[in-house]
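Below you'll find the structure, written out as structure tokens, and then a few comments.
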Amino acid sequence: MIFKEINKSEIKDKYNKWYVEDTRYFNIIKDEVILCIYGVTRYTDSICEAFWIKESFHNKVFTKGFFVGLFNHLFGLGYRKVYTCTGWDKLRKVFNHFKYLGIEETDSPIFVEKNENKTWFIKRI
Numbered sequence: 418m419i420f421k422e423i424n425k426s427e428i429k430d431k432y433n434k435w436y437v438e439d440t441r442y443f444n445i446i447k448d449e450v451i452l453c454i455y456g457v458t459r460y461t462d463s464i465c466e467a468f469w470i471k472e473s474f475h476n477k478v479f480t481k482g483f484f485v486g487l488f489n490h491l492f493g494l495g496y497r498k499v500y501t502c503t504g505w506d507k508l509r510k511v512f513n514h515f516k517y518l519g520i521e522e523t524d525s526p527i528f529v530e531k532n533e534n535k536t537w538f539i540k541r542i
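Numbering (my numbering), first residue to last: 418 to 542.
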């Protein structure tokens, strides 16, 4: 998989509801096909939140290889704790399926407001 950083103006134009000023966005590419776009919001030098732009998904994205590549990319950026949250039942099931990769359900990080409709997950290195 290849991770190619996207200019934030593209996100602002095409996916405005997902735009966050202090976030880096990446195309995740495999076999010359964009699988999806994901964002990384830095909280500290070692802690971030990663999220996917749901409207950007191409076919079946969530495989073991996808998560291993994603974690390697995030940890390569220097992060040691990666948070993500979802209110989407399908994604909750996917995260729970990949618990053996070290994805754990957790409380919301102190950096964000609590939202009872979302479930938080964390991956540590």
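By construction, the Cβ of each residue, glycine as well, lies at the ideal position given by its N, Cα and C atoms.
One alpha carbon belongs to residue 505, the other to residue 537, and they sit about 11 Å apart. For residue 459, the secondary structure class from DSSP, reduced to helix, strand or coil, is strand. By the 16-neighbour rule on beta-carbons within 10 angstroms, residue 457 is buried.
A straight-line Cα-Cα distance of about 23 Å links residue 446 and residue 514. Bounds of any beta strand (DSSP E) do not take in residue 425; it lies within the alpha helix (DSSP H) bounded by 425-431. Between residue 503 and residue 509, the C-beta spacing is below 7 Å. Inclusion of residue 452 and residue 485 in the CB contact set at 7 Å is not warranted, their separation being larger than that value.
Between residue 442 and residue 463 a beta carbon distance of about 20 Å is seen, past the 8 Å cut, so the two are scored as non-contacting. For residue 512, there is no enclosing beta strand (DSSP E); the residue is found in the alpha helix (DSSP H) stretching over 506-514. Per DSSP, reduced to three states, the secondary structure at residue 421 is strand.
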